[in-house]
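Participant: Using this note's numbering, you'd call the opening residue of the sequence shown number 901 and step up by one each time. After the structure tokens below, expect a handful of questions from me.
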Amino acid sequence: MSDPVLMGPGPSNPYPEVMAALGRPLLGHLDPEFLALLDETGDRLRAVFRTTNPLTLPISGTGSAGMEASFVNVVRPGDVVVVGVNGLFGERMCDVASRCRAEVVRVDADWGAPIDPSRLLAAHPSPAVIAVVHAETSTGVRNDIEELGAGKGDALLLVDCVTSLGGIPVEVDAWGIDIAYAGTQKCLGVPPGLAPMTVSERARERLVAKPQSWYLDLGMISRYLDSGARTYHHTAPISMVYALHAGLGVVLDEGLERAWARHRECGGALQAGLEKLGLELFAAEGHRLPQLTSVLAPVGVDEKEVRARLLAGGIEIGGGLGPLAGRGWRIGCMGHTARARNVTLLLAALGEVLA
Ligand code: PLP
């Protein structure tokens, strides 16, 4: 059987250039050639995050490590952290913030609906952190960020960009985001394993001196920025850094705007095609992510059986979560997977299975 077309919520199919990079011979993690590649990876991440933040790097670990690194490094016991919750990953943020012994102020919206930024801004008069998921992978909803940056006051703005980075506009500096983290396996077209992250100078000044996590202590990891010398902290996952470097290269060669447009066109075609099949989209209109589409299965159809039949034909899609669990699907169109031919293939296969 040929490789499956990965149209789940993640991972997406990696770019061929990324697979080639994974096969490169290893260098030592302190080899000057590797360090130069790591520096270039930081430059590429700055370009994709649209930031000049010196502290921009891939954290060793998946997207959840990025989330954890974000919270443990700026949240002190008793700090008020406002968290927007309209899906699984907002819930996870609350869990992580409460483990940092923050006073968590939740702002809930229905799964499938966006969070009104003014509710987040009004939730507390002086929070230390306002945290929100930009692209909620559990529902396919985009939460608006720009207004939060404009109104955040003294708070730090912490944004999960795991599913948004590379797929839809993320403007770290222009939107006033202080801490953003992502994952490699979604719109960057790289296997899972690293968490790209960027931290504003404003947030860097507020880093916790000794966070509860040794491994994710950004102060230690970023000491080279002040000292100018890289020393051993942990052994970088060399091959994954090669892969990320290559994936970012593909995205930047294509052009970030063109990559966003490709995601928009593929997601738009997919969503129109699903509606043509008579299916109902789950996420609120106007806030639908092109890279992750949530859709209800027709009443009486066993959604698991449909997924199994698609997988047998070489196409993987994801099941629902929360209110969509057992009732529908989440279909990814991210990174290298976001191609018109994959959309056509899936719509034809789904139409056949449903018929
Ligand atoms: N945040 C969002 C929005 C995600 O979609 C995911 C994973 O899908 C995560 C965080 C966690 O990332 P990981 O599974 O790579 O640890």
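C-beta: ideal position from N, C-alpha, C; glycine also.
Helix, strand or coil, according to DSSP, for S1018 in the structure here?
Facilitator: Of the three classes helix, strand and coil, the one that applies to S1018 here is helix, per DSSP.
Participant: Taking 7 Å as the cut-off, does the CB of T1237 come closer than this to any heavy atom belonging to the ligand FMN?
Facilitator: Looking for the ligand FMN in the displayed structure turns up nothing; the ligands present are the ligand PLP.
Participant: What are the boundary residues of the alpha helix (DSSP H) that T1287 is part of?
Facilitator: What is shown of the chain runs 901 to 1255, which leaves residue 1287 out entirely.
Participant: Determine the closest residue to T1098 out of L1245, S902, T1131, N953, with distance taken between C-alpha atoms.
Facilitator: Selected option, being the one with the closest Cα: N953.
Participant: Rounding to the nearest angstrom, what Cα-Cα distance links A1146 and E1154 in this structure?
Facilitator: Whole-angstrom Cα-Cα distance: 12 Å.
Participant: Considering only heavy atoms of the ligand PLP, does any lie closer than 7 Å to the CB of D1060?
Facilitator: Yes, since a heavy atom of the ligand PLP falls inside the 7 Å radius drawn around the Cβ of D1060.
Participant: Report the residue from G1012, W1160, D1117 whose alpha carbon sits nearest the alpha carbon of E968.
Facilitator: Cα-wise, what sits closest to E968 is D1117.
Participant: For the ligand PLP, is there a heavy atom less than 7 Å away from the beta-carbon of A1074?
Facilitator: Checking the Cβ of A1074 against the ligand PLP gives no.
Participant: Would P1027 and V980 qualify as a contact pair, given that the criterion is a beta-carbon distance under 8 Å?
Facilitator: Cβ distance < 8 Å, so P1027 and V980 count as in contact.
Participant: How far does the alpha helix (DSSP H) with S1100 in it reach, from first residue to last?
Facilitator: Here S1100 belongs to no alpha helix (DSSP H), and DSSP marks it neither H nor E.
Participant: The alpha helix (DSSP H) with G966 in it runs from where to where?
Facilitator: Segment 963-974, the alpha helix (DSSP H) holding G966.
Participant: Quick check: the region 1221-1241 against the region 1181-1192, are at least 3 beta-carbon pairs closer than 8 Å?
Facilitator: The region 1181-1192 is in contact with the region 1221-1241.
Participant: Does DSSP put M1120 in a helix, in a strand, or in coil?
Facilitator: M1120: helix per DSSP, three-state reduction.
Participant: Quick one: is Y1132 buried, meaning 16 or more other Cβ sit within 10 Å of its Cβ, or exposed?
Facilitator: Answer is exposed; the Cβ neighbour count stays below 16.
Participant: Taking just the CA atoms, how far does L1088 sit from P1025?
Facilitator: One C-alpha to the other measures close to 37 Å.
Participant: If you measure from the CB of P1092, is any heavy atom of the ligand PLP nearer than 7 Å?
Facilitator: Within the cutoff, so yes.
Participant: Which residue from P1223, I1138, K1176, E1003 puts its Cα closest to that of L988?
Facilitator: Of P1223, I1138, K1176, E1003, the residue nearest in Cα terms is P1223.
Participant: Relative to the C-alpha of R1130, which candidate in P1137, I1121, R1001 has its C-alpha closest?
Facilitator: Comparing Cα-Cα distances from R1130 to each of P1137, I1121, R1001, the minimum goes to I1121.
Participant: Within its chain, find whatever has a CB closer than 8 Å to the CB of W1229; leave out the 5 residues flanking it on each side and keep chain order.
Facilitator: Around W1229: S1194, V1195, A1197, E1203, V1206, R1207, I1217, G1218, G1219, G1220.
Participant: Is the separation between the beta-carbon of L926 and that of I1077 shorter than 8 Å?
Facilitator: Not in contact: L926 and I1077 (Cβ atoms no closer than 8 Å).
Participant: Would you identify the three-state DSSP class for Y915, choosing helix, strand or coil?
Facilitator: Coil, per DSSP.
Participant: DSSP puts Y1132 in a beta bridge; with which residues?
Facilitator: BP columns for Y1132 are empty, so no partner.
Participant: Just to confirm, does M1234 get its C-beta within under 7 Å of one of the non-hydrogen atoms of the ligand PLP?
Facilitator: No, since every heavy atom of the ligand PLP falls outside the 7 Å radius drawn around the Cβ of M1234.
Participant: With the cut-off set at 8 Å, would you say V1033 and D1060 are in Cβ contact?
Facilitator: Against a cut-off of 8 Å, the Cβ pair of D1060 and V1033 comes out as a contact.
Participant: How far does the alpha helix (DSSP H) with A1169 in it reach, from first residue to last?
Facilitator: A1169 -> alpha helix (DSSP H) spans 1156-1176.
Participant: Suppose only complete runs of 3+ residues qualify. What are the beta strand (DSSP E) ranges in the region 1184-1249, listed by chain order?
Facilitator: Counting whole runs of 3 or more residues, the region 1184-1249 contains the beta strand (DSSP E) stretches 1192-1196, 1215-1219, 1228-1232.
Participant: With C-beta atoms as the reference, is L922 less than 8 Å away from A1095?
Facilitator: In this structure, A1095 does not lie closer than 8 Å to L922 by Cβ.
Participant: Mark T1135 as exposed unless 16 or more other C-beta atoms lie within 10 angstroms of its C-beta, in which case mark it buried.
Facilitator: So T1135 counts as exposed.
Participant: Is the number of C-beta pairs between the region 970-978 and the region 939-953 that are closer than 8 Å three or more?
Facilitator: Cβ pair count under 8 Å is below three, so no.
Participant: What residues in its chain sit with their C-beta under 8 Å from that of R924, if we drop five residues either side in the sequence?
Facilitator: The answer, listed in chain order, is S1139, Y1142.
Participant: Classify D1010 as helix, strand or coil using the three-state DSSP reduction.
Facilitator: Here D1010 sits in coil by DSSP.
Participant: Which partner residues does R1042 have in the DSSP bridge list?
Facilitator: DSSP lists A1035 as partners of R1042.
Participant: To which residues of the same chain is T951 closer than 6 Å at the C-beta, ignoring the five residues directly before and after it?
Facilitator: Excluding sequence neighbours, T951 sits near V1072, D1073, T1098.
Participant: Exposed or buried, what is G1214 when buried is set at 16 or more other beta-carbons lying within 10 Å of its beta-carbon?
Facilitator: Classification for G1214: exposed.
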